[in-house]
Amino acid sequence: MKKSFAFRLLPLLAVIASVQISAFANTITITQVGSGKSLDVVIKGVEGGKVTFEMGPGKSFTVPLTKLTPESVQKIKEHLASGSKPSAESLAAASKVNEVIGHGLFGDAASLWGEDAQEVAGRLNWKLESRKKDSSSYRLYTKLDYLFLGAHPYCVTLYGGEGNRPERISLVYANKGDFGSRLGMGPDHFKEIYPDKEPPGNLTEAIEFDAKIIAEYLTKGLGEPEEQYYGEKEDKRKVKRWNQEDHAFLLSSIEGEYTNLLVVPKEDADLQGKVEFVVDSDLRKIQVTNVVTELNGDVWIDNIPMVNQGPKGYCAPATFERAMRYMKVPADMYLLATAATAAGGGTNTTKLSEDCKRIVRSKARRIKELELQEDFEIKNLKKFIDKGVPVLWQMRSLNEYNKLVNERSEARESVDDLTKWAAEISEEATRLSPSFKSNQSNFHICMVIGYNEKTREVAVSDSWGPKYEIRWVHEDLAKAVTSRGGFVIDF
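Each residue of the sequence shown is one higher than the one before, starting from 3 at the first, in this note's numbering.
Encoded structure:
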């Protein structure tokens, strides 16, 4: 949508503005001269006789001040001059919630949604996981003594969107993948946190235990909850909801699966988590701009979110989350893992892909299965990569493979003679492929995000952090470690 046409849409947007704008604090009402329509907006600034404002997450518009009534212009000037500081009551309420939570979630702005996600994460001591053009994430795999609302979450994540604005926070407490596993430590942390209580003896009791504690803390700080449904189609679930100004705390407890707490904008909760999807034609235009073509022939996809799969080795859920978020489908690795993980660990990739298919379909995307064990070749991969679609690749992450890929990825950065380089790595691939094929271990899933037809290399991306965001491997070696098929989330 071009901003020059934005004001033509204001009469229509006014109908939904009152819902969307609830995701932001410090709004003012402006009125259009021609139609007399009024809108509640967040003013971002005035420059060159034009005002920039927002009507919801990612919905920014710039229009001439002459299109607004004189009263609106004066209101904007006064608003900017005042510094848009929250009221003392808002700050006091936010401080009270911080005390109940046990962390400095809220700062001086009293609202998360207008802040920079890095500032929020900094107060919480959550680490930057990934920051791209229009997405970011801050994640922490917690120690056993970490508490949030009186209970122990295993994984906490802050997701940011365009402009690094916070969009939602997800905390996963007792869950099927952690309870009873060596890394999850089963009921041990319950004994440390609540020595005076009888620890839960099984997963069902652990889920109920955490949900009860969290609900008690939130009720203490925010009063009695409401009940509603949240999520779409198969992901739809009943939640308890507490409101804190323009925030909603949503607690869900799924029997045999997990306890999860979401912090989202009120308007998101009001809409029950229904996210407007990007139509295919618009998404194609967005994704093709992420394709980078280098002078040396490298073609690769930029702006794919990084997700660190963490101590439990959730490579498949992490890779699916990366692909889904890149294709504008909200996803949470830990919840995806729980749905497709047996008690104590072990992700069923087939079950995971089926679950993801249902979520992806709800956003008008689709997951295709690929026979990469039969046709792992650049000519088959490039048709996806050229339009900005990464390929999810099931392979065997052998120690010898990783050592070689690390060495070769570093060495290729100083290559001047591509012809010589191509011959060298081709000979190496021919020599090593048989031994790689015979080693049936270390099953893994990652992404193929690029290729170089001159050197017959593919670019791979693993969910192990920024260091592994892009590495290069010869096509024949990649074919040698391919284990099964693959997937793409396509238009």
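Beta carbons are placed, not taken as given, at the ideal position from N, Cα and C, and that holds for glycine.
Where the beta strand (DSSP E) through residue i begins and ends
| i | result |
| --- | --- |
| PHE55 | 52-56 |
| TYR231 | 228-232 |
| ASN177 | 168-177 |
| ASN454 | 445-454 |
| GLN396 | 393-398 |
| GLU371 | 368-372 |
| LYS46 | 40-49 |
| GLY488 | 484-492 |
Start-to-end residues for the alpha helix (DSSP H) that takes in residue i
| i | result |
| --- | --- |
| TYR328 | 317-328 |
| ASP334 | It is not in any alpha helix (DSSP H) - ASP334 carries neither H nor E in the DSSP assignment. |
| SER97 | 90-103 |
| GLU207 | 205-224 |
Alpha-carbon to alpha-carbon, residue j and residue i
| i | j | result |
| --- | --- | --- |
| ILE23 | GLU117 | Caution is warranted here: a pLDDT of 34 is assigned to ILE23, below 50, making its placement in the model unreliable, and the coordinate value is therefore given only provisionally. Straight-line Cα distance between these residues: approximately 15 angstroms. |
| LYS456 | SER283 | 31 angstroms |
| LEU185 | LYS145 | Low per-residue confidence applies at LEU185: pLDDT is 44, beneath 50, and the placement is therefore not dependable enough to give any value. |
| PHE211 | LEU173 | 15 angstroms |
| GLN375 | LEU337 | 29 angstroms |
| GLU229 | LEU479 | 54 angstroms |
| ARG368 | ASP492 | 6 angstroms |
| ILE427 | LYS405 | 14 angstroms |
| GLY488 | GLN396 | 6 angstroms |
| GLU80 | LEU151 | 39 angstroms |
| ASN408 | LEU354 | 29 angstroms |
| ASP180 | TRP115 | 31 angstroms |
| LEU130 | GLY36 | 46 angstroms |
| ASN441 | LEU400 | 8 angstroms |
| GLU429 | TYR403 | 15 angstroms |
Proximity to residue i [Cα-Cα], best of the options
| i | options | result |
| --- | --- | --- |
| GLY390 | ASP334, GLU429, ASP304 | ASP304 |
| GLU218 | ARG167, LEU273, VAL99 | VAL99 |
| THR221 | ARG239, TYR231, TRP244, LYS134 | TRP244 |
| VAL48 | SER92, THR64, GLY36, ALA90 | THR64 |
| TRP466 | VAL331, VAL475, ALA318, ASN454 | ALA318 |
| SER62 | TYR328, ARG410, GLU164 | GLU164 |
| SER485 | LYS439, ILE451, ILE472, TRP474 | LYS439 |
| GLN34 | GLU73, ILE45, VAL44, LYS46 | GLU73 |
| ASN384 | ASN401, VAL301, THR432 | The question names Asn, yet the displayed sequence has Lys at residue 384. Minimum Cα distance to LYS384 is reached at VAL301. |
| ILE216 | VAL241, TYR232, GLY203, GLU234 | VAL241 |
| SER437 | LEU82, VAL460, VAL122, ALA482 | ALA482 |
| SER255 | ASP248, LEU205, VAL294 | LEU205 |
| ALA123 | GLY162, PRO332, ALA112, HIS154 | GLY162 |
| THR340 | GLN289, LYS330, TYR231, THR351 | THR351 |
| ILE361 | ALA208, GLU234, GLU226, THR68 | GLU234 |
Beta-carbon proximity check, residue i vs residue j, cutoff 7 angstroms
| i | j | result |
| --- | --- | --- |
| TYR143 | GLY312 | yes |
| GLU261 | ALA176 | It should be pointed out that residue 261 corresponds to Thr in this sequence rather than to Glu. Contact flag set, yes. |
| LYS286 | PRO307 | The identity of residue 286 in the sequence shown is Arg, whereas the question assumes Lys. It is not a contact, given that the beta carbons lie outside the stated cut-off. |
| ALA119 | LEU160 | yes |
| ARG398 | ASN454 | no |
| LEU41 | ILE30 | no |
| VAL277 | PRO201 | no |
| HIS446 | GLU459 | no |
| ALA94 | PHE108 | no |
| GLN246 | LEU263 | no |
| VAL290 | LYS370 | no |
| SER435 | MET449 | no |
>> Just to confirm the assignment: which complete alpha helix (DSSP H) runs, minimum length 4, are found wholly within the segment 231-302?
In response: 268-272, 282-290
>> Please give the ranges of any beta strand (DSSP E) in the segment 126-161, keeping only runs that are unbroken, at least 3 residues long and fully inside the region.
In response: 129-133, 138-143
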